[in-house]
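Sequence positions in the sequence shown follow the working numbering and run 21 to 381.
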Amino acid sequence: MGGSGGVGVLALGHANLINAGTIAGGRADGGVGPRNDAVLLQGNGNTLTLEAGSKITGAVVSWGSNTLALGGDRNAPSGNTFNLDSTSVGGQYHGFTNFAKTGSSTWTVGGNSSFSRGTSVSGGTLVMATGSHLGGAVTVDSGATLRTSNADVAWTGTFTNNGAYLSDPSTQTFTTLNIGSSGYLKGGAGDVFDVQNNFFNQSTQNSLWDTSLATLIFSGAMGTSHQFSLAGFAGDGFTNNFAWGALQLSVGNSLDLTQGSGNAFYVNYLDLLGGSAQLADLSAASGVSIYYNVNDAQNGYLEGKTFSLAGGGSLDPFSGPAGGTTGVPEPGPLGLYGMALIGLTAAGGGRLRRRIGESKS
Numbered sequence: 021m022g023g024s025g026g027v028g029v030l031a032l033g034h035a036n037l038i039n040a041g042t043i044a045g046g047r048a049d050g051g052v053g054p055r056n057d058a059v060l061l062q063g064n065g066n067t068l069t070l071e072a073g074s075k076i077t078g079a080v081v082s083w084g085s086n087t088l089a090l091g092g093d094r095n096a097p098s099g100n101t102f103n104l105d106s107t108s109v110g111g112q113y114h115g116f117t118n119f120a121k122t123g124s125s126t127w128t129v130g131g132n133s134s135f136s137r138g139t140s141v142s143g144g145t146l147v148m149a150t151g152s153h154l155g156g157a158v159t160v161d162s163g164a165t166l167r168t169s170n171a172d173v174a175w176t177g178t179f180t181n182n183g184a185y186l187s188d189p190s191t192q193t194f195t196t197l198n199i200g201s202s203g204y205l206k207g208g209a210g211d212v213f214d215v216q217n218n219f220f221n222q223s224t225q226n227s228l229w230d231t232s233l234a235t236l237i238f239s240g241a242m243g244t245s246h247q248f249s250l251a252g253f254a255g256d257g258f259t260n261n262f263a264w265g266a267l268q269l270s271v272g273n274s275l276d277l278t279q280g281s282g283n284a285f286y287v288n289y290l291d292l293l294g295g296s297a298q299l300a301d302l303s304a305a306s307g308v309s310i311y312y313n314v315n316d317a318q319n320g321y322l323e324g325k326t327f328s329l330a331g332g333g334s335l336d337p338f339s340g341p342a343g344g345t346t347g348v349p350e351p352g353p354l355g356l357y358g359m360a361l362i363g364l365t366a367a368g369g370g371r372l373r374r375r376i377g378e379s380k381s
């Protein structure tokens with residue numbers, strides 16, 4: 021009587037706690053008073069992994085550099101879900117510096133949280149639901165999957181993808197996006213990938229990569245300069261070549277294209293929000309080319325022409341179908357004149373353009 025309740029589980033450092041059952045903190049005053057912590061992690065190097073069936077009653081407190089993980093190799097019948105809001109100040113889980121997804125299971129997270137040392141997805145699938153947010157750097161390992169599902173997701177730290185990133189469909193905003201050799205992106209119509217800093221692509225997964233209907237945006241305040249390293253190859257055309265449905269560059273921003281794992285970028289619609297005058301804000305290293313679909317009427321303002329870019333690279337037309345979802349390698353010199361006529365005809369002799377971002381408020 022009058023005593024405090026006991027801590028459910030106490031770890032003093034470098035402990036690996038996996039829970040698929042029930043943990044509860046004891047209650048004071050013979051079971052009617054305040055409840056003590058369910059889990060108290062002291063020291064550093066502790067990991068608490070939640071698996072399907074986990075139920076924790078009471079606070080989960082980290083007093084050091086410790087990891088909260090969602091794992092296991094099975095999914096609960098109703099699905100595995102976790103609210104990231106519970107890891108914010110005042111939430112049930114607090115003080116963790118790292119977040120992880122392990123095992124082959126699928127977990128869906130919603131809400132917002134910031135982990136100072138970031139997030140790692142080493143196995144299975146992590147699904148980001150509407151309005152979800154993870155602070156810090158994020159890394160997806162080879163063989164693992166991160167999926168956004170009808171979400172508007174912001175990645176405030178550097179995002180490194182060595183696995184699968186699937187958009188279904190969603191709008192995702194990155195600061196810096198790094199794609200390793202084993203990484204790839206998939207997104208279709210309605211999917212938007214907004215990069216506010218740099219995009220470095222070293223992927224070699226051309227047969228798995230599919231953004232041929234998705235939109236890539238480089239955005240930022242006036243004067244923002246972006247770097248974009250490429251994975252596509254000149255002459256390989258639109259299919260299985262890291263192509264995009266649209267590339268949009270914000271007014272007052274500049275874009276410098278360099279070689280990554282490839283030397284070319286194929287896009288159906290080149291959407292320069294500053295119009296043709298913004299061509300001066302594009303630069304490309306020598307041997308690097310951007311190819312735009314001359315058969316898409318939205319590119320009519322380019323008149324089917326080839327442009328030399330600062331740095332020694334070029335902006336070139338390529339021939340795709342009228343709708344512009346696939347294409348073939350860039351034309352030879354004899355085809356450029358005819359393509360220029362096609363571009364002018366498609367534009368009605370004038371300038372026909374659509375701004376992708378205008379429909380978003």
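Virtual Cβ for every residue (Gly too), placed ideally from N, Cα, C.
Please tell me whether Gly-333 and Gly-307 are closer than 8 Å, where the distance is taken between their beta carbons. Between Gly-333 and Gly-307, the gap from beta carbon to beta carbon is short of 8 Å.
Quick check: the Cα distance between Phe-116 and Gly-33, rounded to an integer number of angstroms? 13 Å
Just list the residues that DSSP pairs Lys-325 with in beta bridges. For Lys-325, no pairing in a beta bridge is given by DSSP.
Among Leu-267, Leu-88 and Val-29, the one whose alpha carbon lies nearest that of Asp-57: Val-29
When Ser-328, Asn-198 and Ser-169 are compared against Gly-207, the one with the closest alpha-carbon: Ser-169
For the region 269-277 against the region 242-254, do three or more pairs of beta-carbon atoms, one drawn from each stretch, fall closer than 8 Å, so that the two count as touching? yes
Rounding to the nearest angstrom, what Cα-Cα distance links Thr-159 and Ala-304 in this structure? 28 Å
What's the C-alpha gap between Tyr-321 and Leu-302? 16 Å
Name the two residues that bound the continuous alpha helix (DSSP H) containing Ala-48. Counting along the chain, the alpha helix (DSSP H) containing Ala-48 begins and ends at 48-51.
At which residues does the beta strand (DSSP E) containing Gln-192 begin and terminate? 191-194
Are Gly-46 and Gly-73 close, meaning C-beta to C-beta below 8 Å? Result no, Cβ atoms of Gly-46 and Gly-73 do not sit closer than 8 Å.
Note down the Cα distance separating Thr-77 from Arg-94, rounded to an integer number of angstroms. The alpha-carbon separation between Thr-77 and Arg-94 amounts to approximately 22 Å.
On the criterion of 16 or more Cβ atoms from any shown chain inside 10 Å, does Asn-36 qualify as buried, or is it exposed? exposed
Quick check on the burial criterion: 16 or more other C-beta atoms within 10 angstroms. Buried or exposed for Thr-42? exposed
Taking just the CA atoms, how far does Ala-297 sit from Leu-205? 31 Å
Own chain partners of His-153 with C-beta closer than 6 Å, once the 5 adjacent residues on each side are dropped: Asn-132 and Ala-174
What span of residues does the beta strand (DSSP E) with Pro-337 cover, start to end? 334-338
Separation of Ala-31 from Ala-9, as counted between CA atoms: Since the first and last residues shown for the chain are 21 and 381, residue 9 lies out of range.
Proximal residues to Asp-214 (C-beta, below 6 Å), its chain only, five neighbours per side dropped: Thr-193, Ile-237 and Ser-239
Output the distance between the C-alpha atoms of Ser-323 and Ala-149, rounded to the nearest integer angstrom. In the sequence as presented, Ser is not what sits at residue 323; that position holds Glu. Glu-323 and Ala-149: Cα-Cα distance of roughly 42 Å.
7 Å CB neighbourhood of Asn-226 in its chain, flanking five on each side removed: Asn-260, Asn-261 and Phe-262
Check this for me: beta carbons of Asn-39 and Leu-70, under 8 Å apart or not? yes
Can you give the Cα-Cα distance for Val-27 and Val-52, rounded to whole angstroms? 16 Å
Alpha helix (DSSP H) runs wholly inside the region 38-95, at least 4 long, in chain order: Runs found: 48-51.
Tell me whether the beta-carbon of Gly-340 lies closer than 8 Å to the beta-carbon of Asn-313. yes
Please look up how many angstroms separate the CB atoms of Gly-183 and Asp-211, rounded, as I've assumed it's under 8 Å. For Gly-183 against Asp-211, the beta-carbon gap comes to about 18 Å, at or over 8 Å, which does not count as contact.
Which whole-angstrom value describes the C-beta separation of Ala-171 and Gly-143, a residue pair presumed to lie in contact below a C-beta threshold of 8 Å? The pair is not a contact, with the Cβ atoms about 21 Å apart (cut-off 8 Å).
When the Cα atoms are used, what is the spatial distance from Gly-63 to His-114? 15 Å
Once DSSP output is grouped into helix, strand and coil, what is the label at Ser-162? When DSSP states are grouped into helix, strand and coil, Ser-162 belongs to the coil group.
Who does Asp-276 pair with in a DSSP beta bridge? Gln-247 and Ser-303
Smallest Cα separation from Leu-292: which of Ser-274, Thr-278, Pro-97 and Arg-55? Ser-274
Answer with buried or exposed for Pro-337, where buried requires no fewer than 16 other C-beta atoms within 10 angstroms of its C-beta. buried
Would Tyr-286 pass as a contact of Gly-331 if the rule is Cβ separation under 8 Å? no
Which whole-angstrom value describes the C-beta separation of Gly-203 and Asn-181, a residue pair presumed to lie in contact below a C-beta threshold of 8 Å? 4 Å
Leaving aside the five residues before and after Asp-276 along the sequence, list all residues of the same chain whose C-beta is less than 6 Å from its C-beta, in chain order. Gln-247 and Ser-303
Opening and closing residue of the beta strand (DSSP E) in which Ala-31 lies: Here the beta strand (DSSP E) through Ala-31 covers 29-31.
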